[in-house]
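K.L.:
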Amino acid sequence: MDSRVNITPEEYKAMGDHEKDGATSGSQEQEFVQDIVKNNRVVVFSKTHCPHCDDSKMLLNNMGVDYKTVELDQLKEGSQVQNVLGTITDAKTVPRIFIDGQCVGGNSDLKNLNKTGALKTLLNN
Ligand SMILES: N[C@@H](CCC(=O)N[C@@H](CS)C(=O)NCC(=O)O)C(=O)O
1 MDSRVNITPE EYKAMGDHEK DGATSGSQEQ EFVQDIVKNN RVVVFSKTHC PHCDDSKMLL
61 NNMGVDYKTV ELDQLKEGSQ VQNVLGTITD AKTVPRIFID GQCVGGNSDL KNLNKTGALK
121 TLLNN
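Numbering (UniProt numbering), first residue to last: 1 to 125.
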């Protein structure tokens with residue numbers, strides 16, 4: 001069974017008024033990233049046509065992990081969110097994967113964590 005839970009653009013809007021006058025778009029996107037990472041144990045910031053993202057999702061699916069995906073190419077604010085991710089994780093590529101509020105990196109990092117067994121440890125804690 002596919003354990004993915006996707007955030008839709010509508011859900012994104014519902015999480016806060018991201019178009020409120022007077023607030024900078026940077027801070028709104030930062031708040032969005034902080035909220036979603038805080039409220040979901042595993043989050044994959046992704047793009048729908050990214051093979052590295054598919055790879056990471058497949059690994060998590062195979063492990064039976066529930067995770068939230070944010071498909072940046074389906075959000076109007078996707079590139080701003082990607083910029084925020086670039087700032088807070090030091091890399092702008094997708095996927096950007098968070099576990100327990102911490103960025104564990106991208107697909108190659110996730111695969112390395114899996115190889116060493118550290119991923120299972122992180123997820124089982
Ligand atoms: N080494 C990275 C490679 C990720 C990568 O190259 N992702 C591409 C998409 S498949 C990317 O982010 N391109 C820039 C962009 O889409 O903005 C990883 O393992 O996550």
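Cβ coordinates follow ideal geometry from the N, Cα and C atoms, glycine included.
All values derive from a computational prediction rather than experimental measurement.
Is T87 close to ligand 1? I mean its beta-carbon at under 7 Å from any heavy atom of the ligand.
P.N.:
no
K.L.:
Is T93 a contact residue of ligand 1, with contact defined as CB to any heavy atom under 7 Å?
P.N.:
yes
K.L.:
On the three-pair Cβ rule with 8 Å, is the stretch 30-45 touching the stretch 75-91?
P.N.:
yes
K.L.:
Mind checking which residues open and close the alpha helix (DSSP H) that includes G78?
P.N.:
That run of the alpha helix (DSSP H) goes G78 to T89.
K.L.:
Could you check if N107 belongs to the surroundings of ligand 1, using beta carbon to heavy atom distance under 7 Å?
P.N.:
yes
K.L.:
I'd like to know if C53 contacts chain D, where contact means its C-beta is closer than 8 Å to some C-beta of that chain.
P.N.:
This model lacks chain D altogether; it includes just one protein chain.
K.L.:
Quick test of your reading: Y12 and V44, contact by CB under 8 Å. State the CB separation rounded to the nearest angstrom.
P.N.:
Contact doesn't hold; Cβ gap of about 15 Å is too wide.
K.L.:
Assuming contact is defined by CB atoms lying nearer than 8 Å, are D73 and T48 in contact in what I supplied?
P.N.:
yes
K.L.:
Nearest-angstrom Cα distance between L110 and L119?
P.N.:
7 Å
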